[in-house]
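Visitor:
In my numbering, the protein residues as written are 171 to 453.
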């Protein structure tokens, strides 16, 4: 068990050269940089990246889990706040300061990509302390070796009607090739008739997980694209790609995750950690 405030498996930042990540054997032409965007300001939960979960800042839980992914070469926290920067650096992890003017995590990751060169980048949300390393690897595998796929992400089946109707849970529908048709806070697809969502183990509903993998050219293009009406209405940054005709490949995983949106979510995460730290899809 690592001490509070220290990332498990980490060493002091000065003990290894920039770009090194312990126990990584990824070949140069396959290198993937994981970037965790984290901002201090949050309307519902100010300062949540530094909220203590089981005695450790939430952002450090995320770093620790992403570091365990076998396909990740390097993990960086991208922030606009000195407090988050210092907390991450003090724990032996890498952090970079970014602009305060970004409207989304993808824009923040794109700024990092301008300085740190790699063919692929993973964007893992800083409020996902239960993200599974296997999910990170699964997302990377969606586009590695598939050069016509610019962006990849993950989804899990939804079986509970209350989750389908919850606007805080983003849903996604895909085409026959697994490319996203649309992301929405609404219950898509809608069951015509009485509108009742059936309780079934077989479902067309998918919950979108907050993880993205981008090819470098797609990521650098994102900030240059004008936000569309759908992005503004739904407040979902990934819709910018779809509105401008870019494909997003969606893979299915069994590894659900719990994001921390409110202070009350901390207790939920701590309970799951006490039970082993894995959140499976509810059936």
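Note that beta-carbon positions come from the ideal geometry of N, C-alpha and C, so glycine has one too.
Here the structure is a predicted model, which is why all the values come from computation and not from measurement.
I need the straight-line Cα distance from residue 188 to residue 342, nearest angstrom please.
Guide: On the chain shown, residue 188 is found 18 positions in, with the first residue counted as 1. On the chain shown, residue 342 is found 172 positions in, with the first residue counted as 1. Only weak support exists for where residue 188 lies, its pLDDT of 35 falling under 50; the value from the coordinates is given anyway. Cα to Cα, the separation comes out at about 37 Å.
Visitor: In angstroms with no decimal places, state the Cα-to-Cα distance between residue 192 and residue 384.
Guide: Counting from 1 along the chain shown, the entry for residue 192 is found at position 22. Counting from 1 along the chain shown, the entry for residue 384 is found at position 214. Because the pLDDT of residue 192 is 39, which lies under 50, any placement of that residue in the model is unreliable, and the question is left without a value.
Visitor: Please state whether the Cβ-Cβ distance between residue 299 and residue 232 is less than 8 Å.
Guide: Counting from one through the chain shown, the residue named residue 299 turns up at place 129. Counting from one through the chain shown, the residue named residue 232 turns up at place 62. Contact: yes.
Visitor: I'd like the list of long-range same chain contacts for residue 305, defined as Cβ closer than 8 Å, with 5 residues on each side in sequence excluded.
Guide: Taking the chain shown and counting its residues from 1, the one referred to as residue 305 is at position 135. Excluding sequence neighbours, residue 305 sits near 324, 379, 381, 423, 425 and 427.
Visitor: Take the Cβ of residue 346 as the centre, count every other Cβ of all protein chains shown within 10 Å, and call the residue buried at 16 or more, exposed below.
Guide: Your numbering for residue 346 matches position 176 in the chain shown. Label assigned to residue 346: exposed.
Visitor: Compute the Euclidean distance between the alpha carbons of residue 358 and residue 375, then round it to the nearest angstrom.
Guide: For the purposes of this step, residue 358 is taken as residue 188 along the chain shown, with counting starting at 1. For the purposes of this step, residue 375 is taken as residue 205 along the chain shown, with counting starting at 1. Rounded to the nearest angstrom, the two C-alpha atoms are 7 Å apart.
Visitor: CB residue 415 to CB residue 322, shorter than 8 Å?
Guide: Position 245 of the chain shown, counted from the start, is the residue given in the question as residue 415. Position 152 of the chain shown, counted from the start, is the residue given in the question as residue 322. Going by C-beta atoms, residue 415 is not nearer than 8 Å to residue 322.
Visitor: Can you tell which of 218, 308 and 377 has its C-alpha closest to the C-alpha of residue 333?
Guide: Counting from 1 along the chain shown, the entry for residue 333 is found at position 163. For residue 333, the nearest C-alpha among the options comes from 377.
Visitor: Could you check what DSSP says for residue 269 in three-state terms: helix, strand or coil?
Guide: By 1-based counting over the chain shown, the position of residue 269 is 99. It is coil, neither helix nor strand.
Visitor: Quick one: grab the DSSP three-state call for residue 421.
Guide: In the chain shown, the residue the question calls residue 421 occupies position 251. Here residue 421 sits in strand by DSSP.
Visitor: Would the beta-carbon of residue 404 fall within 8 Å of that of residue 355?
Guide: Position 234 of the chain shown, counting from 1, holds the residue named residue 404. Position 185 of the chain shown, counting from 1, holds the residue named residue 355. It is a contact, given that the beta carbons lie within the stated cut-off.
Visitor: Nearest-angstrom Cα distance between residue 536 and residue 417?
Guide: Any answer about residue 536 is impossible in this case: the structure gives the chain only from 171 up to 453.
Visitor: So, for residue 435: in the same chain, excluding its five sequence neighbours on each side, which residues have a beta-carbon less than 6 Å away from its beta-carbon?
Guide: Within the chain shown, numbered from 1, the residue matching residue 435 stands at position 265. Excluding residues within five positions, none has a Cβ falling inside 6 Å.
Visitor: Can you tell me whether DSSP reads residue 378 as helix, strand or coil?
Guide: Counting from 1 along the chain shown, the entry for residue 378 is found at position 208. Of the three classes helix, strand and coil, the one that applies to residue 378 here is strand, per DSSP.
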